[in-house]
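K.L.:
Protein chains: 2
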Amino acid sequence: MSGFVAIAGLGPGREDLVTPEVSAVLAEASDVIGYIPYVARVAPRDGLTLHPSDNRVELDRAELALRLAAEGRRVVVVSSGDPGVFAMASAVFEGLEQHPQYGDVEIRVLPGITAMLAAAAAAGAPLGHDFCAINLSDNLKPWELVEHRLRLAAQADFAMAFYNPRSKSRPHQFARALEILREECGNERLITFARTVSTPQQALNTVTLGEATPEMADMRTVVLLGNSATRRVGRHVYTPRSAG
Amino acid sequence: MSGFVAIAGLGPGREDLVTPEVSAVLAEASDVIGYIPYVARVAPRDGLTLHPSDNRVELDRAELALRLAAEGRRVVVVSSGDPGVFAMASAVFEGLEQHPQYGDVEIRVLPGITAMLAAAAAAGAPLGHDFCAINLSDNLKPWELVEHRLRLAAQADFAMAFYNPRSKSRPHQFARALEILREECGNERLITFARTVSTPQQALNTVTLGEATPEMADMRTVVLLGNSATRRVGRHVYTPRSAG
């Protein structure tokens, strides 16, 4: 069987942040599967079938990828950023668990530049010490767990990266998250809102927690919170390597 | 002034994980600065001066980079992985703080594939839910802070990635870290030791915390600990997207 599933990260948006490994697997793909805007980043060509799909059908995509690969197709499942960070890799393995008949399919995960690291690089080095990454969406976990994690992460003095901070369907939660963070970290802590990082529309905005408002984020924003030592130097924001 | 400092991530080791952005800046560099094994990854050529240096002289490197850039040189400071994750980016900004005369130097950070995400991809998707990254070295922070963070991160049920788990100068600390993690997470939690990820010598070893021994890690290993839901499917290790 020559088929495979490669779960590939396209990076945050700019083409020169796509790894050569990912470009190579796309060049040999017979099928590309993924969320509409990510599949749109792959150039059509003869012999390549594109399978764009809407949001929230991750397990359908996983099943399609596994089935096509079992038939001998060379399938690339595309994610933005890194497929292992709040993206398609876990969904494909969930699909494999549900469809054990595909247990022999070769599955590879190809890493990419994830949004928080592209955003951190654009801002300076706000994640330069111990940090955590939290998905603020409550699609797949109870909101209470998000609040619990925010408090413990603040008490651990982690720098933090927040994915999916805000959506139309849950406008109040990010306001609540900011409230918790102000309680735990105080008003002076630096927070960076990074929108559509690495694209021509990139917008970075660093303020204090006291100045931060929910409207500074949308679903295309990754939010970076400093730890207690994070500071500005010139136009950069960075977290020193040392602590304590 | 046409000089600049670009702080560039070379990724975990394999050449096809170096981004085109980083390859392009290396092609226009006049000077490359960094730890000996990372500078050794850059091919010598006419017009390029290589400045390899030993470990633990990060601030000297930062000062050299800023000084050369202020003189108009095109300086690339290389890190393995991502420069913003336990690497040179924070050190350069620390150097800028100490040497404000270089305040006009253009500094850019170019992201790379960091070790934990390459390791996670090789293993499957163990960081597929909220996670944290902790540097286990106590060179730059008290060991008590590491223990405190490990306990809070476990109580938050984060998946975890550990950088610099073990060195000759502190052989007992990783044993203590495993002890704390067993207390907080139990013996059945999955842990993956990933050594020299993406190189021909890559070695992956997934065991339970009860089976884990300190000798499974060295300074070239990144260690990934699952959260309470992390499990195996086939030869893969993954953390489901949902929780709670």
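Note that the protein sequences, when read in sequence, are chains A and B. The opening position of the first sequence corresponds to residue 1 in UniProt numbering, with each subsequent residue numbered one higher. The opening position of the second sequence corresponds to residue 1 in UniProt numbering, with each subsequent residue numbered one higher. Glycine is no exception: its CB is placed at the ideal position from the N, C-alpha and C atoms.
1) Alpha carbon to alpha carbon, how far is G72(B) from G47(B)? Give it in angstroms, no decimals.
2) Pick helix, strand or coil for H129(B), following the three-state DSSP scheme.
3) Starting from residue 328(B), find everything on chain A with Cβ-Cβ shorter than 8 Å and list it in chain order.
4) Any beta carbon from chain A within less than 9 Å of Q173(B)'s own beta carbon?
5) Less than 9 Å between the C-beta atoms of A194(B) and A118(B), yes or no?
6) For the pair the segment 220 to 237 of chain A and the segment 129 to 144 of chain B, tell me if three or more CB-CB distances fall below 8 Å.
7) Can you list, in chain order, the stretches of the alpha helix (DSSP H) that have 4 or more residues and sit fully within the segment 186 to 223 of chain B?
8) Taking 9 Å as the CB-CB limit, is V92(A) close to chain B?
9) I'd like the list of long-range same chain contacts for A65(B), defined as Cβ closer than 6 Å, with 5 residues on each side in sequence excluded.
10) I need the straight-line Cα distance from G210(B) to N187(B), nearest angstrom please.
11) Tell me, which residues are paired with E28(B) by DSSP?
12) Cβ of G3(A) within 9 Å of Cβ of L127(B)?
13) Indicate the three-state DSSP secondary structure (helix, strand or coil) for L96(A) in the structure shown.
14) Please report the straight-line C-alpha distance between I7(A) and G112(A), rounded to a whole angstrom.
15) What residue from Q202(B), A115(B) and K168(B) has the CA that sits closest to residue 245(B)'s CA?
16) Report the CB separation of L59(A) from D31(A) in whole angstroms; it is logged as a contact under 8 Å.
17) I want to verify the contact list: residues of chain A whose CB lies under 9 Å from the CB of R149(B), in sequence order.
18) Closer than 7 Å by beta-carbon distance: list the chain D residues that pair up with I33(B), in chain order.
19) In terms of alpha-carbon separation, which member of D54(A), E15(A) and L150(A) lies closest to E184(A)?
20) With the cut-off set at 9 Å, would you say T206(A) and T192(A) are in Cβ contact?
21) Start and end of the alpha helix (DSSP H) containing R149(A)?
22) How long is the line joining the alpha carbons of E106(B) and E106(A), rounded to whole angstroms?
23) Taking Cβ positions only, does G3(B) come closer than 9 Å to chain A?
24) Grab me the residues of S242(A)'s own chain with a C-beta within less than 6 Å of its C-beta, minus the 5 sequence neighbours each way, in chain order.
25) Can you confirm whether A194(B), when its beta carbon is compared against all beta carbons of chain A, has any partner nearer than 9 Å?
26) Exposed or buried, N139(A), counting other C-beta atoms within 10 Å across all chains shown (16 or more means buried)?
27) Evaluate the contact criterion for the segment 97 to 106 of chain B versus the segment 13 to 20 of chain B: three or more CB pairs, one atom per stretch, below 8 Å.
28) So, helix, strand or coil for I180(B), using DSSP?
29) Among the candidates E147(A), R108(A), L10(A) and R182(A), whose CA atom is the shortest distance from the CA of T213(A)?
30) What residues in the segment 218 to 237 of chain A have a beta carbon less than 7 Å from any beta carbon of chain B?
31) With a 10 Å radius around its C-beta and 16 neighbouring C-beta atoms as the bar for buried, classify V57(A) as buried or exposed.
32) Find the residues of chain A that neighbour T19(B), judging by a C-beta separation of less than 8 Å, and give them in chain order.
33) Kindly list the residues whose CB is nearer than 7 Å to the CB of V25(B), restricted to its own chain and excluding five residues on each side of it in sequence; keep chain order.
34) Label T239(B) either buried or exposed according to how many other C-beta atoms from any shown protein chain fall within 10 Å of its C-beta, with 16 as the threshold for buried.
35) Could you tell me the alpha carbon to alpha carbon distance between A153(A) and F174(A), rounded to whole angstroms?
36) Is the beta carbon of A91(B) less than 9 Å from the beta carbon of A70(B)?
P.N.:
Quick answer:
1) Cα-Cα distance, rounded: 14 Å.
2) coil
3) Nothing in the structure corresponds to residue 328(B), since chain B is present only between 1 and 244.
4) Put simply, the CB of Q173(B) is far from chain A, with every gap to its CB atoms at 9 Å or more.
5) Yes, the Cβ-Cβ distance between A194(B) and A118(B) is below 9 Å.
6) no
7) none
8) yes
9) V5, I33, V75 and V77
10) 4 Å
11) BP columns for E28(B) are empty, so no partner.
12) no
13) helix
14) Distance between the alpha carbons of I7(A) and G112(A): 10 Å.
15) There is simply no residue 245(B) to check, as chain B begins at 1 and stops at 244 in what is shown.
16) Between the beta-carbon of L59(A) and that of D31(A) there is about 17 Å, and that puts the pair past the 8 Å contact cut.
17) D130, A156, D157 and F158
18) Going by chain labels, chain D is absent from the structure shown, which instead holds the protein chains A and B.
19) L150(A)
20) yes
21) W143 to Q155
22) 45 Å
23) no
24) none
25) Closer than 9 Å: no.
26) exposed
27) no
28) Reduced to three states, the DSSP call for I180(B) is helix.
29) In terms of Cα proximity to T213(A), the closest of E147(A), R108(A), L10(A) and R182(A) is R182(A).
30) V233, G234 and H236
31) So V57(A) counts as exposed.
32) G11, D16, L17, V18, T19 and I113
33) Here the set comprises A6, A8, V76 and L110.
34) With 16 or more Cβ atoms within 10 Å of its Cβ, T239(B) is classed as buried.
35) 16 Å
36) Contact flag unset, no.
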